[in-house]
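Taking it in order: structure first as structure tokens, then the write-up.
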Amino acid sequence: MPKETILVVEDEEDILELIRYNLAKEGYQVLYSYTGEDGLVKAFNHSPNLVLLDLMLPGLDGLEVCKRLKRDPRSEHIPIIMVTARGEEADVVTGLELGADDYVTKPFSPRVLLARIRSVLRRRSQSQEESNDPLSIHDVVIHPGRHEVTVKGKRVDLTATEFRILQYLARRPGWVFTRYQIVDAVHGQEYPVTERSIDVQIAALRKKLGSAGKYIETVRGVGYRFKE
Ligand code: CA
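Residue numbers (this note's numbering): 27 to 254.
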């Protein structure tokens, strides 16, 4: 049965071989790179279903690779699982903020790694399905396909960026997102979005949503969330 393609970016031969063997045994197509630079090229050219990314790489390090993958329209949709050593928690937080989906800590068992991969791939295919269905929450309905939002049945005109921010927050009600995560999620628009400008966008969005504006809550010192 043909399975997904996974790109493994790892400079340590032994670990790469262990991962490669176990993924192939499960039927995954495996691509690999020993460096971040080569990993980027392979990700852009082959569009794998998932990238397994070691953080400690010579040259371009894993976080930089993660950042570039998530900032490039050719690869921003590809889920990333970071591979880290113990003591790299700060890097894990940064990586998650940059858009990585999950991480595993060395040494890991092949069984744990495969379970994480399956879980990320499953989550990803679910969110793709969701992305075409209208999202209805409180009295707000978001139609992703049509880029349209209604409040109590009445259409609200939003800019593309406002729409993306609303959709991003409303997909996970109750979850707090940092300004940085929101910037990352709406990146790809025609003009640069800074963390400060997110505050301005949110203010405009609340105003346009009228009575539903209150569902976008400020979490002091952290960021924003859509009311659960
Ligand atoms: Ca390494």
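Cβ coordinates follow ideal geometry from the N, Cα and C atoms, glycine included. The structure presented is a predicted model; accordingly, all values stated were derived computationally and were not measured.
TODO: With DSSP as the reference, please indicate the residues paired to Pro80 in a beta bridge.
DONE: Strictly speaking, residue 80 in this sequence is Asp, with Pro absent from that position. According to DSSP, which records beta bridges pairwise, Asp80 is partnered with Val109.
- [ ] Would you tell me roughly how many angstroms separate the C-alpha atoms of Glu102 and Leu95, rounded to the nearest one?
- [x] 6 Å
Task: Length at least 3, wholly inside the region 118-152: the beta strand (DSSP E) runs in chain order - done: 128-131
- [ ] Specify the secondary structure class of Glu115 as computed by DSSP and reduced to three states.
- [x] helix
TODO: With DSSP as the reference, label Val209 as helix, strand or coil.
DONE: helix
Task: The alpha helix (DSSP H) enclosing Thr187, as first and last residue numbers - done: 186-197
Task: N- and C-terminal bounds of the alpha helix (DSSP H) containing Arg246 - done: First-last for Arg246: undefined, no H or E at that position.
Open item on the list: Please determine whether the Cβ atom of Asp40 lies at a distance below 6 Å from any heavy atom of ligand 1.
Closed with: no
Open item on the list: Using a Cβ-Cβ cutoff of less than 8 Å, which residues in the same chain neighbour Tyr129 once the five nearest sequence positions on both sides are dropped?
Closed with: Ile107, Met108, Val109, Thr110, Val118, Gly121, Leu122
- [ ] For Val248, count neighbouring C-beta atoms within 10 Å of its own C-beta (all shown protein chains included) and say buried if the count is 16 or more, exposed if not.
- [x] exposed
- [ ] Use the C-beta contact count for Leu190: other C-beta atoms within 10 angstroms, 16 or more gives buried, fewer gives exposed.
- [x] Note that residue 190 corresponds to Arg in the displayed sequence, not to Leu. Label assigned to Arg190: buried.
Open item on the list: So, for Gly179: in the same chain, excluding its five sequence neighbours on each side, which residues have a beta-carbon less than 6 Å away from its beta-carbon?
Closed with: none
- [ ] Determine contact between the region 125-144 and the region 36-51, defined as no fewer than three beta-carbon pairs at a distance below 8 Å.
- [x] yes
TODO: Can you have a look at Pro263 and say buried or exposed, based on whether 16 or more other CB atoms are within 10 angstroms of its CB?
DONE: The structure shown does not extend to residue 263, since the chain is modelled only from 27 to 254, so the question has no answer here.
TODO: For Pro105, count neighbouring C-beta atoms within 10 Å of its own C-beta (all shown protein chains included) and say buried if the count is 16 or more, exposed if not.
DONE: buried
Open item on the list: Can you give me the C-alpha to C-alpha distance between Ala230 and Glu188, rounded to a whole angstrom?
Closed with: 8 Å
TODO: May I ask you to report which of helix, strand or coil DSSP gives Glu174?
DONE: strand
Open item on the list: So, for Ala116: in the same chain, excluding its five sequence neighbours on each side, which residues have a beta-carbon less than 6 Å away from its beta-carbon?
Closed with: none
Open item on the list: Please tell me whether, using a cut-off of 6 Å, the distance from the CB of Asp64 to the nearest non-hydrogen atom of ligand 1 is below it.
Closed with: no
- [ ] Could you have a look at Lys180 and say whether DSSP puts it in helix, strand or coil?
- [x] strand
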